[in-house]
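In the numbering used here, the protein residues as written are 4 to 112.
All C-beta atoms in this analysis are idealised placements derived from N, C-alpha and C, irrespective of residue type, glycine included.
The structure displayed is predicted, hence computed values, not measured ones.
Only one structure is covered here, and it is reproduced in the block below.
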Amino acid sequence: MKRLIGIKLEHIEACLAVHSLRDIPQLNRDAVLWAAKNGQSSSVAAARSGIHYKMVSRAATKVLETHQIMMQAYLGIEPDPIAMHGNTKEAKAIRKERKAKLLQYNLKK
């Protein structure tokens with residue numbers, strides 16, 4: 004759940020609202036939101052909600068994918084290049100521009 008740390012809770016809730024209850028059941032939604040609010044791991048959230056940790060991890064992955072698609076579509080902000088392409092000079096330069104754009108839209112916590 005460390006991957007969700009940089010995303011606002013409102014954005015996580017919006018990403019969860021995009022998916023149907025069949026894709027992400029209510030218990031998984033509650034576990035992802037609880038873990039994001041409290042900064043806990045998926046295993047702790049799963050133990051608290053009584054479901055398997057893989058289900059919470061899959062839900063978090065879907066939230067991340069949806070968030071990146073929404074950021075690209077509405078704001079034109081590309082996904083984190085270092086996570087995609089490694090720690091190269093070009094990726095660092097792209098990441099610096101990306102952080103400036105995120106700060107411009109005030110999207111960090």
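query, result
"Provide the residue span of the alpha helix (DSSP H) that contains Gln-43, from first to last.", "Gln-43 -> no alpha helix (DSSP H), and no H or E assigned at all."
"Between the C-alpha atoms of Lys-112 and Ala-76, what's the straight-line distance to the nearest angstrom?", "With a pLDDT of 47 at Lys-112, under the threshold of 50, the modelled position of that residue is not reliable, and no figure is offered here."
"Taking the straight line between their C-alpha atoms, what separation do you get for Glu-93 and His-14?", "28 Å"
"Is the beta carbon of Ala-34 within less than 7 Å of some heavy atom of the ligand NAP?", "No copy of the ligand NAP appears in this structure; indeed no ligand is present at all."
"Can you name the start and end residues of the alpha helix (DSSP H) that Ala-103 belongs to?", "92 to 107"
"Let me confirm a value: Ser-23 is counted as buried when at least 16 other C-beta atoms fall within 10 Å, else exposed. Which label applies?", "exposed"
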